[in-house]
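In what follows, a structure is listed as structure tokens, so that the remarks can point back to it.
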Amino acid sequence: MRKTRRQNVKTPPASNGAADSADNNDDVSERIRATLAAAIGEGALKPGTKILEEAIADHFGVSRTVVRGALGVLESDHLLERKRNRGTFVAEPSIAQAENLFEARRKLEGLLLELVMARATAEQLDALQKLTDEEEHIHHHGDEKSKTVLSGKFHIVLAETAGNPVLTEMLSKIIARLSLVMSLYEEERKDDCGADHHRMIVAALKAKDLAKAQQLMDHHLADIEGRVRLTEGHGDRHTFLAVLENFS
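Quick note: to get the numbering used here, add 733 to the position in the sequence shown (first position is 1).
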């Protein structure tokens, strides 16, 4: 009896459609998160602003489920807050939260200066110096948005120079939350972006004078804190005045 030879039939690979879709959703979710975080950090989205999920979903071409995933990350970073039966809003830090954030930043930046002093190369310090030169140019020729972005960038680059990504991430999140504090409680607006302070801090680092660098950083951060008025009702007044400015 003749035997029929069996043929090996290759099974086609399973479709990766679901995985690809999930990866794409993750990418879009991160874009949404980054977009909103940047808008909050630069003051385009003020404390108390309602987040319109449907508008975000339409703009990015995704479901509201994907949008909520991005919003959830921002909530965990305390940049957004969900209010029951009302929706999601840009966070409004309390006075106690503002004081804690300022204190945490002072301690963290002091520690980062120690690490920079111990680890930074001459090339890295030169890059910081170049950044302060760029700040000076922006101060004289740039707009307020450019000044704000570049001023925050100096502190992040300084943290990166310390060589500890965990501490850099911590500082980034603190600075992001403090942008809300400044937006809500800032009373005295100054048109300088801290370039002079930054330049002196870099000079102290280059001179290997840690105590001087930390003293200058404390003075710089105290100057920033001095621009806010952490009193009950001031945040509400600030928000109300912003509304009047927009509609009058």
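We put the beta carbon where it would ideally sit given N, CA and C, even for glycine. All of these numbers come straight from a predicted model, not from anything done at the bench.
In the DSSP output, what is residue i paired with across the bridge?
{"i": "ARG932", "result": "Answer by DSSP bridge pairing: none, since ARG932 is not bridged."}
{"i": "LYS783", "result": "PHE822"}
{"i": "VAL961", "result": "GLU919"}
Any idea if residue i is buried or exposed, counting beta-carbon neighbours within 10 angstroms, 16 or more meaning buried?
{"i": "LEU785", "result": "exposed"}
{"i": "ASN796", "result": "For clarity, residue 796 is Ser in the given sequence; the question names Asn instead. With fewer than 16 other Cβ atoms within 10 Å, it is exposed."}
{"i": "PRO826", "result": "buried"}
{"i": "ARG838", "result": "buried"}
{"i": "ALA946", "result": "buried"}
{"i": "VAL899", "result": "exposed"}
{"i": "HIS931", "result": "buried"}
{"i": "HIS888", "result": "buried"}
{"i": "ARG910", "result": "buried"}
{"i": "ASN741", "result": "Confidence at ASN741 is low in this model, with a pLDDT of 49, below 50, so its placement is unreliable and no value can be given for it."}
{"i": "THR854", "result": "exposed"}
{"i": "GLY885", "result": "buried"}
{"i": "SER748", "result": "The predicted position of SER748 is uncertain, since its pLDDT is 49 and thus under 50; a value taken from the coordinates is nonetheless stated next. With fewer than 16 other Cβ atoms within 10 Å, it is exposed."}
{"i": "THR901", "result": "buried"}
List the endpoints of the continuous beta strand (DSSP E) containing residue i.
{"i": "ARG817", "result": "It is not in any beta strand (DSSP E) - ARG817 carries neither H nor E in the DSSP assignment."}
Would residue i and residue j qualify as a contact pair, given that the criterion is a beta-carbon distance under 8 angstroms?
{"i": "GLU832", "j": "LEU963", "result": "yes"}
{"i": "PRO780", "j": "SER916", "result": "yes"}
{"i": "LEU845", "j": "ALA895", "result": "yes"}
{"i": "PHE793", "j": "VAL761", "result": "yes"}
{"i": "ALA928", "j": "GLU868", "result": "yes"}
{"i": "ILE993", "j": "LEU812", "result": "Only positions 734 to 981 of the chain appear in this structure, which leaves residue 993 out of reach."}
{"i": "LEU858", "j": "LEU938", "result": "yes"}
{"i": "VAL882", "j": "VAL914", "result": "no"}
{"i": "THR821", "j": "LEU804", "result": "yes"}
{"i": "LEU848", "j": "VAL890", "result": "no"}
Assuming residue i is part of the alpha helix (DSSP H), what are its boundary residues?
{"i": "GLU856", "result": "855 to 874"}
{"i": "ALA777", "result": "No alpha helix (DSSP H) holds ALA777; DSSP gives it neither H nor E."}
{"i": "LYS941", "result": "From DSSP, LYS941 is part of no alpha helix (DSSP H); its letter is neither H nor E."}
{"i": "LEU805", "result": "Looking at the sequence provided, one finds Gly at residue 805 rather than Leu. Per DSSP, GLY805 belongs to the alpha helix (DSSP H) from 797 to 809."}
{"i": "ASN897", "result": "No alpha helix (DSSP H) contains ASN897, which DSSP labels as neither H nor E."}
{"i": "GLY843", "result": "828 to 852"}
Hey, would you say the C-beta of residue i is under 7 angstroms away from at least one heavy atom of the ligand MG?
{"i": "HIS872", "result": "Of the ligands one can find in the structure shown there are none, so the ligand MG has no counterpart to examine."}
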